[in-house]
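If you read the sequence shown in my numbering, its first letter stands for residue 95, the second for the next number, and so on.
Backbone N, C-alpha and C define an ideal beta-carbon position, used for all residues, glycine too.
Keep in mind it's a predicted model, so treat the numbers as computed, not measured.
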Amino acid sequence: MWPRPDRDQECALQNLALEIRFGLTSTGLLSGFARFSMSLGAEMQELPPGSWRPLRLGTLVGLRWLAIAGQAAGVLFVDFGLGFPLPLMECMSLIALSVALNLWLLVRFGAATRTSATVSTVQLAYDCLQLGGLLALTGGLQNPFSLLLLAPVSVSATTLPQRSTLILAGLAIGIASLLSIFHYALPWNPGERIVFDRVYIIGIWVSLLCGTVFIAAYTNRVAHEARQLADALAATEIQLSRREQLASLDGLAAAAAHELGTPLSTIALAAKEMRSDLPEGPLREDIELIISQTARCRDILAKLRNLGADGGDPFAMVPLGELIAEVAKTHEHESKTVTIRKESMAGPDPVFRRNVGLLYGLGNLIENALHFAR
């Protein structure tokens, strides 16, 4: 498929009116190109460089299932394995809430649904709040698993827009700040008492703050540049594919000329033999028409084969007037004179990339005008 002209060029071409005047009679005036527009292929739907990709709902649900399994295993192991007392019912209620949310999302929307940035942000915010609730019940920042507050921020930094990441980073910092003050005691051996120095708690809070800021800034930037590189690579692959299609047209035209050349020559030879055996009359005129049309077919095939090679670089940018003049030269052998006139317009002629499709389309218009000219 041919690349399509950009919007400005297409609008300029649509507003350009050309008249092709044929000098057989004083009244032989034809309008050749009026509001001319040509579609040369499908345009690539481009994404803004580095734009985020919507997450599948199944991805977020799968991560939440993993968190649910880890939370349940940790709570049960501490309570029944280590024998450390903790508010088991409250903890399991928070875990059950995540289970219910996952089941509702899967039933209501399906795992393959692509979620918007807002929906993904809300889900990750819930994960932060749910984890904050568990940590508040199990020691706050004294709990070594408080590091997991960075997980939702990390997911957002690599997959969601920067605004979502900043919101989640602020939420995580707020939760960590509250946990440093409001929390239950850390589950521990009932016969022992463990006390953490206030400076140590502040150090944990500062480490979480630094980790959140680092992930929100640095990781988000790295992920953004990776998406930009992926976009550039995809655009390059599409352009290379289009160039390969353009290059393959020469071979296709040569193959068509080779395949059709033999039957056309056979038809022309048979028609010439029939003409030599026929007297003057309507039948002989029909044979003459067959011979002339087979010769025209050979000329068309030759033009298709050589059109991409004539005129230099097939990807050069050329004004429209020069393109039309170039195509008109191929019809100089016709019995009708071709005169090109363009209406006055502000600014220079629109410029197009010289390619086989555009040249062939213009040639068809001129040829049709010549055919129907009086």
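Would you list the one or two residues that DSSP bridges to residue i?
i	result
residue 411	447
Considering residue i, what are the terminal residues of the beta strand (DSSP E) in which it resides?
i	result
residue 435	433–436
For the alpha helix (DSSP H) that residue i lies in, which residues bound it at each end?
i	result
residue 196	182–202
Residue i and residue j look like a contact to me (Cβ under 8 angstroms); what is the Cβ gap, rounded to whole Å?
i	j	result
residue 178	residue 172	5 angstroms
residue 228	residue 165	6 angstroms
residue 244	residue 153	Wrong, their Cβ atoms sit about 18 angstroms apart, outside the cutoff.
residue 460	residue 421	6 angstroms
residue 206	residue 150	6 angstroms
residue 464	residue 443	Wrong, their Cβ atoms sit about 23 angstroms apart, outside the cutoff.
residue 247	residue 266	5 angstroms
residue 181	residue 231	5 angstroms
residue 254	residue 311	Between residue 311 and residue 254 the Cβ distance is about 14 angstroms, and since that is not below 8 angstroms, they are no contact.
residue 269	residue 222	6 angstroms
On the three-state DSSP scale, how would you describe residue i?
i	result
residue 150	strand
residue 315	helix
residue 164	helix
residue 275	coil
residue 177	coil
residue 171	helix
residue 299	helix
residue 487	With the chain running from 95 to 468 in the structure shown, residue 487 is simply not present.
residue 287	coil
residue 121	Caution applies to residue 121, whose pLDDT of 30 falls short of 50 and renders its modelled position unreliable; the model cannot decide the point.
residue 388	helix
residue 452	helix
residue 282	coil
residue 460	helix
residue 422	helix
**OP:** Identify every run of the alpha helix (DSSP H) within the segment 301–382, keeping only runs that are complete inside it and at least 4 residues long; order them along the chain.
**Re:** 314–371
**OP:** Enumerate, from N- to C-terminal direction, the unbroken alpha helix (DSSP H) stretches of 4 or more residues contained entirely within the segment 207–259.
**Re:** 211–231 and 244–253
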